[in-house]
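The opening residue of the sequence shown carries number 191 in our numbering; numbering runs sequentially from there.
Even glycine gets a Cβ: it sits at the ideal position worked out from N, Cα and C.
The structure appears below as structure tokens.
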Amino acid sequence: MKIALYARVSTTDKSQDPETQLMALRDFVKAQGWTVFREYVDQVSANDLSHRTAWRELLDDAAERRFQVV
191 MKIALYARVS
201 TTDKSQDPET
211 QLMALRDFVK
221 AQGWTVFREY
231 VDQVSANDLS
241 HRTAWRELLD
251 DAAERRFQVV
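Below, the structure is given as structure tokens:
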């Protein structure tokens with residue numbers, strides 16, 4: 191099964207790192223025997239939807255059915 195991973199951290203707290211989220215997600219996907227299609231990462235405030243470009247790319251790829259699960 192092809193999986194999309196999405197991580198987002200706020201730019202207001204510079205100590206945040208999306209890699210922290212992605213490590214746990216990768217481990218879970220690997221344990222299930224799934225394949226990561228792509229990782230989407232945004233470093234932007236949750237309220238700033240216009241700059242969440244990775245989120246928009248994820249939605250576009252989902253519409254094209256390039257993966258099964260986020």
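Ser200 is a Cβ neighbour of Ser235, given a cutoff of 8 Å. Val231 places its beta carbon 8 Å or farther from that of Ala252.
With respect to the 8 Å criterion, Val260 and Ala194 are classified as neighbours on the basis of their beta carbons.
DSSP lists Leu195 as the bridge partner or partners of Glu229. When the beta-carbon positions are compared, Gln258 and Met191 come within less than 8 Å of each other.
A straight line joining the alpha-carbon of Arg256 with that of Arg216 spans about 18 Å.
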